[in-house]
Structure formats: structure tokens, C-alpha cells
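Residue numbering for the sequence shown follows the working numbering, starting at 1449 and increasing by one per position. Glycine included, each C-beta is placed from N, C-alpha and C at the ideal position. Quick caveat: nothing in here was measured; it's all calculated off a predicted structure.
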Amino acid sequence: MSSALLSPASVAATFLKPTPTVALGSSPATAAGAANDAQKARAKEAGQKFESQFLSSMFQQMFQGIQSDGPFGGGFGEEMFRSVMTDAMAKQVVKAGGVGVADTVQREILKMQGLK
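Written as C-alpha cells, this is what we have:
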């Protein structure tokens, strides 16, 4: 996988959606705060998705060279479903707090948007 595909800018373009509109009658400060909160939430989600994908790729590489009867009993079936297992493992690692990649990606996305 190329490093351009894993850059914070590509993650932002892929996972971040336009900011939702704020209801009429709200104060500008409240509207700006709500928009910032929404952007921060989307940046956090993008960071977590990026970290999950990154960890899944690392786990796939890690398990690629292992020859064993392993969790699926080896063979063609194990090869077919190994990516499902590594995706699930990566999601659980991120859910448990991750390894810090999501925080870095989130911080960079917010910096590119001029937020903290």
C-alpha cells in the first residue's frame, strides 16, 4: 500500500463529510461550537478508521508467514478468512484504546482545518 493512500489528507478526504447545518435562531457562538464539535467527532472517527485499517494491514503481514494449525485449522479456508480475523482484531485494539495512531491522525486533521 502506498504511503499516499495512508496520509492524513487522504483520510480526511475519504472519511470526513460536510459540516451539518445549524438550526435557525441559534446564536453564532453556539452554531460555531456545534460545528466545531461535529468536525472534531468526524476527525476522531476518521482517525479511528485509519488506525483500524493500519493495524489490520500490520496484522495481515504478521500472520502471513505463520504456518500452523492456527485458529482456523490451516489450509485454504484459513487463508480466505484471515483478513476477516485481522480486521476484527484491529477493530478490537482500536476499541480498547489503540496504539496512538488515531490520536495523531485526528490532531493532524484538526490542524489542517484550523481547529484544536
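Would you mind working out which of Gly1525, Glu1527 and Gln1540 sits nearest Leu1503, comparing C-alpha positions? To locate residue 1503, count along the sequence shown from 1; it is residue 55. The alpha carbon of Leu1503 has as its nearest neighbour, out of Gly1525, Glu1527 and Gln1540, the alpha carbon of Gln1540.
Phe1529: buried (16+ other C-beta within 10 angstroms of its C-beta) or exposed? On the sequence shown, position 81 is the one that residue 1529 refers to. Exposed, since its Cβ has fewer than 16 Cβ neighbours within 10 Å.
8 Å Cβ cutoff met for Phe1511 and Val1553: Translated into positions along the sequence shown, residue 1511 becomes position 63. Translated into positions along the sequence shown, residue 1553 becomes position 105. Cβ distance not < 8 Å, so Phe1511 and Val1553 don't count as in contact.
Residue from Val1532, Lys1488, Arg1490 and Ala1486 whose Cα sits closest to the Cα of Ser1505: Position 57 of the sequence shown, counted from the start, is the residue given in the question as residue 1505. Looking at the Cα atoms, Val1532 is the closest of the given residues.
Alpha carbon to alpha carbon, what distance is there between Ala1489 and Gln1561? Translated into positions along the sequence shown, residue 1561 becomes position 113. Translated into positions along the sequence shown, residue 1489 becomes position 41. Inter-residue distance for Gln1561 and Ala1489 is about 13 Å (C-alpha atoms, whole angstroms).
Hey, quick one: how far does the alpha helix (DSSP H) through Ala1550 stretch, first residue to last? Within the sequence shown, residue 1550 is the residue found at index 102, counting from 1. First-last of the alpha helix (DSSP H) with Ala1550: Val1549 to Met1560.
By Cβ distance below 6 Å, which residues in the same chain neighbour Gln1496 in space, the five residues on each side in sequence not counted? On the sequence shown, position 48 is the one that residue 1496 refers to. Excluding positions up to five away in sequence, the list reads Val1542 and Ala1550.
According to DSSP, simplified to helix, strand and coil, what is Leu1563? One-based indexing of the sequence shown puts residue 1563 at position 115. In the structure shown, the three-state DSSP call for Leu1563 is coil.
Beta-carbon proximity list for Lys1492, same chain, < 7 Å, skipping 5 on both sides: Working through the sequence shown from its first residue, we reach residue 1492 at position 44. Same-chain partners within the cutoff: Gln1554.
Would a C-beta distance cut-off of 8 Å place Gln1487 and Leu1563 closer than the cut-off? Your numbering for residue 1487 matches position 39 in the sequence shown. Your numbering for residue 1563 matches position 115 in the sequence shown. Judged by their CB atoms, Gln1487 and Leu1563 are nearer to each other than the 8 Å cut-off.
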